[in-house]
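Student: Each residue of the sequence shown is one higher than the last, beginning at 68 in our numbering.
Beta carbons: idealized from backbone N, C-alpha and C, even for Gly.
Note that the structure is a prediction, hence the values are computed from the model and not measured.
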Amino acid sequence: MLTNDGDFTASLSALAKMLLPEGRNQFLSSPEARAGVTYDDIPEDKGTQLSPDDQLACFDNLYWVGVADRFEWEKHKHPVWELVGTNLHFTQKVEDIASQYLRRIFGLDGHNETEIPPYISIHVRHNDFRNQCYEVKPEDCIAPLSAYVRRVKQVQDELAILHGPDSPLAKVQNVVVTSDERDPEWWAEVRKLGWLGTKELDEEIGTKYGRW
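#1: So, is Ser234 buried or exposed, given that buried needs 16 or more other C-beta atoms within 10 angstroms?
#2: Tell me the rounded alpha-carbon separation between Phe173 and Ile183.
#3: When the Cα of Ser78 is compared with those of Gly261, Tyr130 and Asn92, which residue comes out closest?
#4: Should Gly76 be labelled buried (16 or more other beta-carbon atoms within 10 Å of its own) or exposed?
#5: Kindly indicate the opening and closing residues of the alpha helix (DSSP H) around Ile272.
#6: I'd like to know if the stretch 248-264 and the stretch 189-198 are in contact, where contact means that at least 3 CB-CB pairs between them fall below 8 Å.
#7: Use the C-beta contact count for Ser166: other C-beta atoms within 10 angstroms, 16 or more gives buried, fewer gives exposed.
#8: Which residue or residues does DSSP assign as beta-bridge partners of Gly264?
#9: Just to confirm before moving on: does the CB-CB distance between Val243 and Leu169 stay below 9 Å?
#10: Rounded to whole angstroms, what's the CA-CA distance from Phe126 to Leu263? Just pull it up for me.
#11: Quick one: what's got a C-beta closer than 8 Å to Val216's C-beta in the same chain, skipping five residues either side?
#12: Can you round the beta-carbon distance between Ala124 and Leu86 to whole angstroms, since I take them to be within the 8 Å contact cut?
#13: With C-beta atoms as the reference, is Val151 less than 9 Å away from Leu82?
#14: So for Gly133, helix, strand or coil by DSSP?
#15: If we ignore side chains and look at the alpha-carbon of each, how far apart do Lys275 and Val161 end up?
Okay, structure coming up:
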């Protein structure tokens, strides 16, 4: 069912085949299915496994699934994102949690009548990306903060064009940074830029809601 031997990416057409009796039987008779091996080669507890239902199908992880090409999720635009991902929205509960922490970041905790000001959000993913640098030094591989400063300026310019120079959205100066970076010096540089961060809230958020 994999797109390539030894590859952990799969295609939607392969998954669709599993919805039919012939394809389902073919997969269930494979060595991987009999062994209960997951995508990360960690054996599952056979006692927790259930055979597929004839009337209901559910795929709980479609992260590595594409339409035609391998690793489509690495591309800026691909069919699954364009046709499905752009139509997904957070639940109201998740939005309320985010608003709660944004109020704390902006010093508005306890002032629910005050609107959260417009802001530009940046997610700087570092720790696992360092593993992709291979022989290149991380400082030469990972984008510096100056690159994010340049991109923020581009977004600000685009907002001015989109909404007009007199719109409040044309003058957005607030920047909120989320990152898995642990280096305190890096976060100190973020603060020097006048940007706000979630670093001080990471432990609380992870304890309450989990790292993911």
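Tutor: In short:
#1: Against the sequence shown, residue 234 aligns to sequence position 167. When all chains shown are included, Ser234 counts as exposed.
#2: On the sequence shown, residue 173 is found 106 positions in, with the first residue counted as 1. On the sequence shown, residue 183 is found 116 positions in, with the first residue counted as 1. Those two C-alpha atoms are separated by around 8 Å.
#3: One-based indexing of the sequence shown puts residue 78 at position 11. Taking only the C-alpha atoms, the option nearest Ser78 is Tyr130.
#4: In the sequence shown, the residue the question calls residue 76 occupies position 9. Checking the sequence shown, residue 76 turns out to be Thr, not Gly. With 16 or more other Cβ atoms within 10 Å, it is buried.
#5: Position 205 of the sequence shown, counted from the start, is the residue given in the question as residue 272. Looking at the DSSP string, the run of the alpha helix (DSSP H) that includes Ile272 is Asp269 to Tyr276.
#6: yes
#7: Stepping through the sequence shown from its first residue, residue 166 is reached at position 99. Ser166 is exposed by the Cβ-count criterion.
#8: Here residue 264 refers to the residue found at position 197 of the sequence shown. Note: Gly264 sits in a beta bridge opposite Val244.
#9: The residue given as residue 243 occupies position 176 in the sequence shown. The residue given as residue 169 occupies position 102 in the sequence shown. Yes.
#10: Working through the sequence shown from its first residue, we reach residue 126 at position 59. Working through the sequence shown from its first residue, we reach residue 263 at position 196. Approximately 38 Å between the Cα atoms of the pair.
#11: By one-based count along the sequence shown, residue 216 stands at place 149. For Val216, where only same-chain residues beyond five positions count, the Cβ hits under 8 Å are Leu260.
#12: Numbered from its first residue, the sequence shown carries residue 124 at position 57. Numbered from its first residue, the sequence shown carries residue 86 at position 19. Their Cβ separation, rounded to whole angstroms, is 5 Å, which keeps Ala124 and Leu86 in contact under 8 Å.
#13: Along the sequence shown, one-based indexing puts residue 151 at 84. Along the sequence shown, one-based indexing puts residue 82 at 15. The answer is no: Cβ separation not under 9 Å.
#14: In the sequence shown, residue 133 corresponds to position 66, counting from 1. Three-state result, Gly133: strand.
#15: Position 208 of the sequence shown, counted from the first residue, corresponds to residue 275. Position 94 of the sequence shown, counted from the first residue, corresponds to residue 161. Cα to Cα, the separation comes out at about 13 Å.
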